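Heads up: the structure comes next, in structure tokens.
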Amino acid sequence: MLPEFPSRINLDQLEPSKIFETRPDFNSWVRFPIVNGFLRLAVIPKSDIKISLSSRPKDDPGMIVISLGYLDDMRSAIGTIEVPFSVEKTTPNILKRNYNEFWIVWVNGEIFVLKAGEKKAFISMKYKTYSIQYVGFSSPNSSAVWYLRDGEKIITSASSRFIYHGIRTGYLELAFKGKSDAHFALLFLGGRAAPPMVEVKLGVHGNKKSCIRVDNNDHNQTEKFTPDLLSVDRFIIFCFNWHNGILTVRTDHPQGPIVIESNERSVDFVPHYFAVRTGHGTAGKWIFGVNNAKAIVENNETNEAK
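Per the numbering used here, the sequence shown starts with residue 592, numbered consecutively.
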């Protein structure tokens, strides 16, 4: 079963080692690889299918491989390209429908696979944390038609070769404590904050406004009045969700109030890193890794139903 949403814990009682601080003299971004994420996909198969999760648009040592419906639609497995059947489960008729939808969620060193509309994973595996930005599709024994949430349609022929696609959906939760100017960014490059990128500035202008900027542009793509959004006394949880190029920021939980949302396609690239900083001489404390598989699925199932 998917774990409980961990943000119910008292964030103020976390060990100091789990809290990251940006100081007033920090004018540059502090970058971290994006290691959590999710996919929702649909497939019309004729027999068994394979899905790979990779850091590059090609077969990669250590990449995750998910095998569904092999042995006449009786078994499924998760593993790596070196050991593809690390975890095996009996999953009769997992591909019996003409149109099959699945969630794949990777978070905090564990990967879950579940059917759309269900709350329990039918197979899961713990793995060494690995940065995933690309998904590969393969149907070794017959053709298959795949549909992604971003509207992309992919056709695979009877081949063990993976066809790769950049993952343009994602979800991150961070907690922040500070008086103003919490800056968050999604980056394609890890070495420097350069285009393509998108930046969210929370609680700027004395904790009165928030805005979204794209590619280091001085012009705000979106700006909103958000008085007293940040707090120097307690951690505020922010949920960042990007899908079809639109970036949405909410507070407290994945279905909480919207703080700000881009009005154009701001995330029109495959993010590899996220970064944080505090601006205009302010200090702040951050908590990362609040992500949770159950929250991701429930949030996006709700959005799909709207």
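Don't be surprised by glycine CBs; every beta carbon is placed ideally from N, CA and C. Keep in mind it's a predicted model, so treat the numbers as computed, not measured.
A Cβ-Cβ distance of about 6 Å is found for the pair K770 and T873, placing them in contact under the 8 Å criterion.
Following the DSSP letters along the chain, one finds V795 inside the alpha helix (DSSP H) bounded by residues 795-798. Proximity of the segment 739-756 to the segment 657-675 falls short of the contact definition, fewer than three beta-carbon pairs being nearer than 8 Å.
The count of Cβ pairs closer than 8 Å, one atom from the segment 842-855 and one from the segment 704-720, stays below three, leaving the stretches out of contact. V795 and L777 do not touch by the CB rule: their CB atoms are close to 18 Å apart, not below 8 Å. No Cβ-Cβ contact shorter than 7 Å links P862 with I655. Residue environment: R614 is assigned as exposed (fewer than 16 neighbouring CB atoms within 10 Å of its CB, all protein chains considered).
Separation of K719 and D824 (C-alpha to C-alpha, rounded to the nearest whole angstrom) is 35 Å. By the criterion of a C-beta distance shorter than 7 Å, K717 is surrounded in its chain by G700, E701, once the five residues flanking it on both sides are discounted. Restricted to the segment 696-733, the beta strand (DSSP E) segments that are unbroken, complete and at least 3 residues in length are 701-706, 714-717, 725-730, listed in chain order.
Closest by C-alpha distance to A668, out of S715, L644, P786, is S715.
Here E692 has A633, A707 as same chain residues with Cβ atoms under 6 Å from its own Cβ, once five neighbours each way along the sequence are excluded.
W620 and R868 do touch by the CB rule: their CB atoms are close to 5 Å apart, below 8 Å. For L662, the enclosing alpha helix (DSSP H) starts and ends at 661-664.
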